[in-house]
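Novice: Using the working numbering, read the sequence shown as starting at 1 and increasing by one per residue.
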Amino acid sequence: MLFNSLTFVAFFAAVIGTYWSLGSWNAKKNLLLVASYVFYGAWNPPFAGLLFATTAFDFWLGARIAATVAPAAKRVWLVFSVAVNLSKLGFFKYGNFALQNFTWTLTRYGISYHPPHLDVFLPIGISFYTFHSLSYTLDCYRGATKPTRSLRDFLLAVSFFPQLVAGPIVRAADFLPQCDAPRAPDHRRLIWGLLLMTLGLFEKTVLADTLLSGPADTVFGYGGALAPLDAWTGSSPSRARSSSTSRDTRLVRSGRRSAWDST
């Protein structure tokens with residue numbers, strides 16, 4: 001679901017309208033949690049399971065860290081959390097890259113190895129929610145926050161849809177206290193937020209995608225004095241021209257046009 005789409009506008013209006021019509025604070029939090037997973041799962045439903053698994057894993061580890069007295073044992077739990085989260089992130093972001101380099105290294109030593117292509121699809125926002133979730137176990141280890149007893153609140157803190165795929169990374173110590181009690185509605189903040197959203201949509205839709213997309217393609221596709229700019233695209237000008245119809249180039253170009261996501 002793209003931020004700059006009519007689908008998101010209708011989705012956002014429905015969530016806001018339903019939220020203010022509910023009287024129970026628990027019902028409001030349940031609504032936001034369901035809406036956040038619908039928002040993320042609308043793009044690729046199976047990856048919503050990965051989001052849940054990451055969050056539930058760190059929720060459990062946060063409780064283990066807080067319950068452990070010995071500093072050495074606390075450190076073991078923390079290292080476990082860091083290792084699992086970064087390994088998962090590394091697999092999705094650099095799995096194919098590592099496999100290609102491993103194959104190239106074997107070839108240099110005369111070993112012919114042709115592994116199947118992993119064809120790993122990078123989940124949107126995986127960097128944001130991975131570090132968001134990981135910051136919780138780090139804060140529990142440092143004593144900066146106490147582990148929450150509510151899995152729902154922590155799931156909401158990590159998956160909250162306005163910042164899920166575009167950031168910024170919000171620490172659990174800043175978000176979780178807001179789940180304890182509802183806040184009185186402030187129409188001034190609502191209007192200010194809508195103005196900021198409108199400005200962002202204007203910059204994305206009108207400036208970036210319409211007025212400046214052509215000049216940007218011209219600059220980055222130029223092979224003359226500006227050739228060093230091709231470092232941003234990951235390929236040389238000649239290679240980019242000769243393989244412009246390749247699968248990898250299509251993925252890169254489509255990724256540039258995705259909505260406000262920087263994984």
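Built from N, CA and C at the ideal position, the CB exists for glycine as well.
Values in this document were obtained by computation on a predicted structure and should not be read as measured data.
Give the secondary structure of residue 46 by DSSP, where H, G and I count as helix, E and B as strand, and everything else as coil.
Specialist: Of the three classes helix, strand and coil, the one that applies to residue 46 here is helix, per DSSP.
Novice: Do residue 136 and residue 161 come within 8 Å of each other at the CB atom, strictly closer than that value?
Specialist: No, the pair does not count as a contact, with Cβ atoms beyond the cut-off.
Novice: Are the beta-carbon atoms belonging to residue 87 and residue 134 less than 8 Å from one another?
Specialist: Contact flag unset, no.
Novice: State the CB to CB distance for the pair residue 36 and residue 156, rounded to an integer number of angstroms; the pair is presumed to be in contact (CB under 8 Å).
Specialist: That belief holds up - the Cβ atoms of residue 36 and residue 156 are roughly 7 Å apart, short of 8 Å.
Novice: For residue 32, does the three-state DSSP call read helix, strand or coil?
Specialist: Three-state DSSP puts residue 32 in a helix.
Novice: Does the beta-carbon distance from residue 77 to residue 68 come in below 8 Å?
Specialist: Contact: yes.
Novice: Rounded to a whole number of angstroms, what is the C-alpha to C-alpha distance between residue 2 and residue 8?
Specialist: Each residue's alpha carbon lies about 6 Å from the other.
Novice: Could you spell out where the alpha helix (DSSP H) holding residue 93 opens and where it closes?
Specialist: Unbroken alpha helix (DSSP H) run through residue 93: 71-108.
Novice: Does residue 238 come out as helix, strand or coil in the three-state DSSP assignment?
Specialist: With a pLDDT of only 44 at residue 238, under 50, the local geometry of the prediction cannot be trusted, and no value is derived from it.
Novice: Can you tell me the Cα-Cα spacing of residue 205 and residue 198, whole angstroms?
Specialist: So the two alpha carbons sit approximately 10 Å from each other.
Novice: Under 8 Å by Cβ, that's how I've got residue 28 and residue 40 pegged, so tell me the actual separation to the nearest angstrom.
Specialist: Between residue 40 and residue 28 the Cβ distance is about 19 Å, and since that is not below 8 Å, they are no contact.
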